[in-house]
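Remarks on the structure that follows.
There are 2 protein chains.
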Amino acid sequence: MHTRDLSHAIESDMPVFPGDPDVSVEPHATVDADGYRVSAVELGSHTGTHVDAPSHTEADGRAIDAVDVDRFAFDAVLADCTGMDPREAIERDALPATDADLLVVRTGWDEHWGEPTYLDHPFLAPDAAAFCVDQGYDVAVDALNVDPTPTDGGSDEAAEDEPAGFQAHHALLGANQLIFENLTDLSGLPDRFEVLAFPLALRAGDGSPVRVVARYE
Amino acid sequence: MHTRDLSHAIESDMPVFPGDPDVSVEPHATVDADGYRVSAVELGSHTGTHVDAPSHTEADGRAIDAVDVDRFAFDAVLADCTGMDPREAIERDALPATDADLLVVRTGWDEHWGEPTYLDHPFLAPDAAAFCVDQGYDVAVDALNVDPTPTDGGSDEAAEDEPAGFQAHHALLGANQLIFENLTDLSGLPDRFEVLAFPLALRAGDGSPVRVVARYE
Chain C
1 MHTRDLSHAI
11 ESDMPVFPGD
21 PDVSVEPHAT
31 VDADGYRVSA
41 VELGSHTGTH
51 VDAPSHTEAD
61 GRAIDAVDVD
71 RFAFDAVLAD
81 CTGMDPREAI
91 ERDALPATDA
101 DLLVVRTGWD
111 EHWGEPTYLD
121 HPFLAPDAAA
131 FCVDQGYDVA
141 VDALNVDPTP
151 TDGGSDEAAE
161 DEPAGFQAHH
171 ALLGANQLIF
181 ENLTDLSGLP
191 DRFEVLAFPL
201 ALRAGDGSPV
211 RVVARYE
Chain L
1001 MHTRDLSHAI
1011 ESDMPVFPGD
1021 PDVSVEPHAT
1031 VDADGYRVSA
1041 VELGSHTGTH
1051 VDAPSHTEAD
1061 GRAIDAVDVD
1071 RFAFDAVLAD
1081 CTGMDPREAI
1091 ERDALPATDA
1101 DLLVVRTGWD
1111 EHWGEPTYLD
1121 HPFLAPDAAA
1131 FCVDQGYDVA
1141 VDALNVDPTP
1151 TDGGSDEAAE
1161 DEPAGFQAHH
1171 ALLGANQLIF
1181 ENLTDLSGLP
1191 DRFEVLAFPL
1201 ALRAGDGSPV
1211 RVVARYE
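These protein sequences, in sequence, are chains C and L. Under the numbering used here, the first residue of the first sequence carries the number 1, and numbering increases by one thereafter. Under the numbering used here, the first residue of the second sequence carries the number 1001, and numbering increases by one thereafter.
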């Protein structure tokens, strides 16, 4: 059995979504002063590799601690969407129809983590998001966002025909599906694999950082 | 397959170990103002249900992000240590010798969560901690601490023969074993079960809050 970590590390001053809380992991107690180490951690609910609860964008959406814990063990299918242009739309015909319950979309954009280009990732076209809802897929991506990210701080201009706002988020979260963003290290995964991704039980939380793990023979 | 959450929720002003950072989960972005919800989270690395990395008490101990991710999927065995007195030592003969890799010690003390009595939990006697090291067990407990907790704020006086400091921590973490504390809801689990408990990858972290999940037929 292979076990692979698909998660970015969480550390001070790591990249965050524009406007999200800065991240800080700093000593609170130390071996020298206290006999043990404890760290003080400050972060946003959508820091690093994380899951969006329906309440992230849906006014009456379910919170992360209201999702049954067995929902976070997945039969996952991989969609290879590498080689795309910045801010290119991932269309429906790039996605497989299967009986899996999590669609893992590999864009390869994780190689730009920490660069301005990271904001210029491919995104799910409206028909692709609608297809995922029809298939009953939760969706995971190795990019910042399933929708286009506002260009403030990015290196490219938004395309004129780019959908504004949170269309893919509304389609998926509005249908009670889950979204995982900022995965990494998807190269060489098999077509089907197990994903385990149990988020923190943040009370009434809109999402949570999560360790995303793949397992396969 | 049964899947059971063994974790406390994380929320503002929840109980913490004496001296640890206070916990805060507060709105950062809102649907009304921003079109989406994001929360700002402040907590300690040993908040709620959490794992101790060897670096928690060992000066040169391994950090949480340096532990291979496959270490956090366990073949667990349950030890029923309910019915004990406050600050009573759990002795070696109360613990089973098996080929499991995680010993889950049920004290029942989670029923006192949020009460002063929660600090007066049973703890691992030195011979019990040594036995766990000999068996190669990582250890999980439904109490605040595998060692006695300082009595400041607790309801009972420490027993005169109570070991001081971090003896069980040093025994286990010094042997590169892991410790999970503040589990809950262990009643009615089978003797053997799968535990999945993948912590956040806090860079150079001494531990992490973690969602602990049990699975069994």
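Note that the Cβ used here is the ideal one computed from N, Cα and C, for glycine as well.
Asked	Found
Does any C-beta atom of chain C lie closer than 9 Å to the C-beta of D1231 (chain L)?	The requested residue 1231 (chain L) is not part of the displayed model; chain L covers only 1001 to 1217.
In terms of residue numbering, what span does the beta strand (DSSP E) encompassing G44 (chain C) cover?	V38 to G44
At which residues does the alpha helix (DSSP H) containing P1126 (chain L) begin and terminate?	P1126 to Q1135
Identify the continuous alpha helix (DSSP H) that holds G1174 (chain L) and give its terminal residues.	Q1167 to G1174
What does a CB cutoff of less than 7 Å around F1166 (chain L) pick up in its chain, not counting 5 residues either side in sequence?	T1057 and D1147
By a C-beta neighbour count over all protein chains shown, 10 Å radius and 16 as the cutoff for buried, is D1065 (chain L) buried or exposed?	buried
Run through chain L and tell me which residues come within less than 8 Å of F74 (chain C), C-beta to C-beta.	Ordered by position in chain L, no residue passes the 8 Å Cβ test against F74 (chain C), which lies about 12 Å from the chain.
Quick check on DSSP: helix, strand or coil for T117 (chain C)?	helix
Which residues share a DSSP beta bridge with S1024 (chain L)?	L:E1042
Indicate the three-state DSSP secondary structure (helix, strand or coil) for L1200 (chain L) in the structure shown.	coil
Between which two residues does the alpha helix (DSSP H) holding A214 (chain C) run?	Taken as a continuous stretch (DSSP letters only), A214 (chain C) belongs to no alpha helix (DSSP H), being part of the beta strand (DSSP E) at V213 to Y216.
From R92 (chain C) to S187 (chain C), what distance separates their C-alpha atoms?	22 Å
Strictly below 8 Å CB to CB, what residues from chain C border V1069 (chain L)?	T3, R4, D5, R211 and V213
Three-state secondary structure (DSSP) at D1101 (chain L)?	coil
Buried or exposed, going by whether 16 or more other CB atoms sit within 10 Å of the CB of G35 (chain C)?	exposed
Along the chain, where does the alpha helix (DSSP H) containing D32 (chain C) start, and where does it finish?	V31 to D34
Which residue's Cα is closest to the Cα of S1208 (chain L): L:V1067, L:A1168, L:T1107 and L:L1103?	L:V1067
Along the stretch 1035-1050 of chain L, where does the CB come closer than 7 Å to a CB of chain C? Name the residues.	G1035, Y1036, R1037, V1038, S1039, A1040, V1041, E1042, L1043, G1044, S1045 and H1046
According to the neighbour-count rule (16 or more other Cβ atoms, all chains shown, within 10 Å of its Cβ), is T1149 (chain L) buried or exposed?	buried
Out of L:P1126, L:A1204 and L:R1211, point me to the one whose CA is closest to R37 (chain C)'s CA.	L:A1204
What's the C-alpha gap between A33 (chain C) and V1016 (chain L)?	19 Å
Name the chain C residues that come within less than 8 Å of S1055 (chain L), Cβ to Cβ?	R37
Taking 9 Å as the CB-CB cut-off, is D1065 (chain L) touching chain C?	yes
Kindly give me the distance between the Cβ atoms of D101 (chain C) and D75 (chain C), rounded to whole angstroms, as I take these residues to be in contact under 8 Å.	5 Å
If you draw a straight line from the alpha carbon of V1222 (chain L) to that of W1109 (chain L), how long is it in whole angstroms?	Outside the displayed range of chain L (1001 to 1217) lies residue 1222 (chain L), so it cannot be described from this structure.
What does the Cβ neighbour count give for G136 (chain C), buried or exposed, with the cut at 16 atoms within 10 Å?	exposed
Going by DSSP, what residue range makes up the beta strand (DSSP E) through E11 (chain C)?	No beta strand (DSSP E) contains E11 (chain C), which DSSP labels as neither H nor E.
If you count every other CB in all the chains shown that lies within 10 Å of the CB of S12 (chain C), and 16 or more means buried, which is it?	exposed
With a 10 Å radius around its C-beta and 16 neighbouring C-beta atoms as the bar for buried, classify P1096 (chain L) as buried or exposed.	exposed
Please determine, among L:Y1216, L:L1189 and L:C1081, the residue with the shortest C-alpha to C-alpha distance to A1094 (chain L).	L:C1081
Would you say D1099 (chain L) touches the ligand FMN, meaning its beta carbon is less than 8 Å from a heavy atom?	Judged by which ligands are present, the structure shown has none, so any question about the ligand FMN falls away.
Taking 8 Å as the limit between beta carbons, can you name the residues of its chain near T49 (chain C), skipping five residues before and five after?	L6, S7, H8, F180, E181, N182, L183, T184, P209, V210, R211 and V212
To the nearest angstrom, how far is it from the Cα of G1153 (chain L) to the Cα of S39 (chain C)?	Only weak support is given to the placement of G1153 (chain L): the predicted model assigns it a pLDDT of 43, under 50, and the value that follows is read from those uncertain coordinates. G1153 (chain L) and S39 (chain C): Cα-Cα distance of roughly 22 Å.
With burial defined as no fewer than 16 other Cβ atoms inside 10 Å of the residue's Cβ, what is the status of A59 (chain C): buried or exposed?	exposed
On the CB-based measure, 16 or more other CB atoms within 10 Å of its CB, does G44 (chain C) come out buried or exposed?	buried
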